[in-house]
Each structure stands twice: as structure tokens, then as C-alpha cells.
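Each remark here refers to the structure printed beneath this line.
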Amino acid sequence: DAMVIQNPRYQVTQFGKPVTLSCSQTLNHNVMYWYQQKSSQAPKLLFHYYDKDFNNEADTPDNFQSRRPNTSFCFLDIRSPGLGDAAMYLCATRPLDRGGEQYFGPGTRLTVT
Amino acid sequence: AQSVTQLDSHVSVSEGTPVLLRCNYSSSYSPSLFWYVQHPNKGLQLLLKYTSAATLVKGINGFEAEFKKSETSFHLTKPSAHMSDAAEYFCVVSDPPGNTGKLIFGQGTTLQVKP
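Written out as C-alpha cells, the structure reads:
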């Protein structure tokens, strides 16, 4: 089945130690999104790609970076994780020519110790 | 600008009784509206969507929602709650694809189902 895959599902990192979360998709969708979701809150958009065109949200900290080497893969890099970066990170996709629903991966739960 | 307001942060029902989760929206466009469900430590799953076709939308697991333009509402209902329905529910409006296509989330409603 076509899907959005996130690895790992659970990630533990130390304060200040760089960490990378990955997302892959078999849907061949042009647009990919990264969200941060803290406990009992709605997802918050960090950035998104239209193909290789990167779009950062104005309030996304510089500590968060992203790479999209090809259509299928997208990475979230946290350069120096702080305790406040502990959250669920969700990846989502949608086709470029169709608005509306996004297809979400299962998420990566990040713990910062 | 578009926005979504979920009127209840927490709803508690007994198993087998009806579910009503309320959502109001604001949009300067003809909106695309969605309900997503999220179980603990899981991603978001689409329950149903409204994209200017029929105003009564049927989704998965027996859920449905009615788009009421006059009331700017898109409430989610289910005739009979099941224990497995306990989860977080998000009402969402999307920015048109010609703009950003971004999703604007409500704050979520936690549904508790009591035996």
C-alpha cells in the first residue's frame, strides 16, 4: 500500500546532540510537510516543500533544518535539541495539483534527556 | 484569513450513545474542511472531508459531518460510540491549493468513551 513512513518511531537524544528524523513516501506526492506536535496541542507547521522549493514558517527556530534529496525522502535535522524540542514530529504529503487533505505518517516521538 | 474553532476541548459519552463534536469555521473562500482523528502516539488519520460536493459527508467508522454554510459549522457525529473511538479529534480547514494548501487546525477535542 502507498504510504508515508517515518523512522524511527521513537528517538531519544541528549541535550545539544544533533538528531535527524526521516520521512519517506511511496505516494509520489510533490508536497511534503513537517509538523511539530506537543502534548495536548494541535500540530504546528515547521516547513514544507513544493518539490524542491523549501518554505520555512516565519516562527520556525533556526535550530530546525530540513533536506529533501528526492521526491520520496525528506529529513528533519535538529542541530542542538533543547528540552523544549521534545515532541511528536509528523510528516505529511499531498499532491501539488490537488489541495485539501494531507496524508500523515505515524510520527516520531522525540525525547530529549 | 481562515480559522477553525472547536467548541469543546473535552467530550465524554457512554458507549452506545451518540457523539457530537462541534466545529465552527471562518473562511473567505469556499472552504475545504476535514476531520482527522489521532489515537495516542499515532499519526493523524482522515475521518472525512468536505470539498463543496454533498453537504452531508460520510466518513470511516460510522462518522459523518454536515456542512452548514449559514451557521459556518461542520459538526462531527456518530450515532453510537464505541470504546475504540476514544481519541483526539481535529477539525481542519485547508488553505486553497492556489495559495499554500496549508492546513489550519482547531485546538482539538478529546473524546472519552465510558463503558
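Line by line, the protein sequences are chains A and B.
With our numbering applied, the first sequence corresponds to residues -8 to 104, in that order.
With our numbering applied, the second sequence corresponds to residues 10 to 124, in that order.
Beta carbons are placed, not taken as given, at the ideal position from N, Cα and C, and that holds for glycine.
Along the region 10 to 33 of chain B, there is no position whose C-beta sits under 7 Å from a C-beta of chain A. At least 8 Å separates the CB of residue 49 of chain A from every CB of chain B. The C-alpha of residue 50 of chain B is placed about 16 Å away from the C-alpha of residue -5 of chain A.
Contiguous beta strand (DSSP E) elements confined to the region 32 to 104 of chain B occur at 32 to 35, 41 to 47, 53 to 59, 65 to 67, 73 to 77, 82 to 87, 96 to 103, taking only those with 3 or more residues.
Across the region 5 to 38 of chain A, CB contacts with chain B closer than 7 Å involve 22, 33, 34, 36, in sequence order along the chain. The closest CA to that of residue 103 of chain B, considering only B:27, B:35, B:16, is found on B:35. Between residue 87 of chain A and residue 11 of chain A the beta-carbon gap is near 25 Å, outside 8 Å, which marks them as no contact.
Leaving aside the five residues that flank residue 123 of chain B on each side, the residues in its chain whose CB is nearer than 6 Å to its CB run, in chain order, 23. The beta carbon of residue 72 of chain B does not come within 8 Å of any beta carbon belonging to chain A, so the residue lies off that interface. With a beta-carbon spacing of about 5 Å, residue 30 of chain B and residue 98 of chain B fall inside the 8 Å limit used to define contacts. For residue 97 of chain A, the residues of chain B that pass the 7 Å Cβ criterion are 51, 52, in the order they occur in the chain.
Here residue 76 of chain A carries a helix assignment [DSSP, helix/strand/coil]. Taking the beta carbon of residue 116 of chain B as reference, the chain A residues within 8 Å of it are 32, 33, listed in sequence order. The alpha-carbon separation between residue 26 of chain B and residue 89 of chain B amounts to approximately 5 Å. Within 10 angstroms of the beta-carbon of residue 6 of chain A lie fewer than 16 other beta-carbons, which makes it exposed. Cα atoms of residue 3 of chain A and residue 102 of chain A: separation of roughly 5 Å, rounded to the nearest angstrom. Counting only Cβ-Cβ distances below 8 Å, residue 68 of chain B has no contacts in chain A at all, with the closest Cβ about 12 Å away. Among the residues of chain A, those whose CB is under 7 Å from the CB of residue 111 of chain B are 36, following chain order. Comparing alpha-carbon positions, the option among B:109, B:116, B:45 lying closest to residue 70 of chain B turns out to be B:45.
When 7 Å is used as the limit between beta carbons, residue 2 of chain A is near no residue of chain B, the shortest such separation being about 13 Å. By the CB criterion at 8 Å, residue 46 of chain A and residue 38 of chain A fall inside the cutoff. Residue 56 of chain A does not reach chain B, its nearest Cβ partner there being about 20 Å away, counting only Cβ pairs nearer than 7 Å. Note on geometry: alpha-carbon atoms of residue 27 of chain A and residue 79 of chain A lie some 6 Å from one another. Of the other Cβ atoms in all chains shown, 16 or more fall within 10 Å of the Cβ of residue 84 of chain A; this residue is therefore buried.
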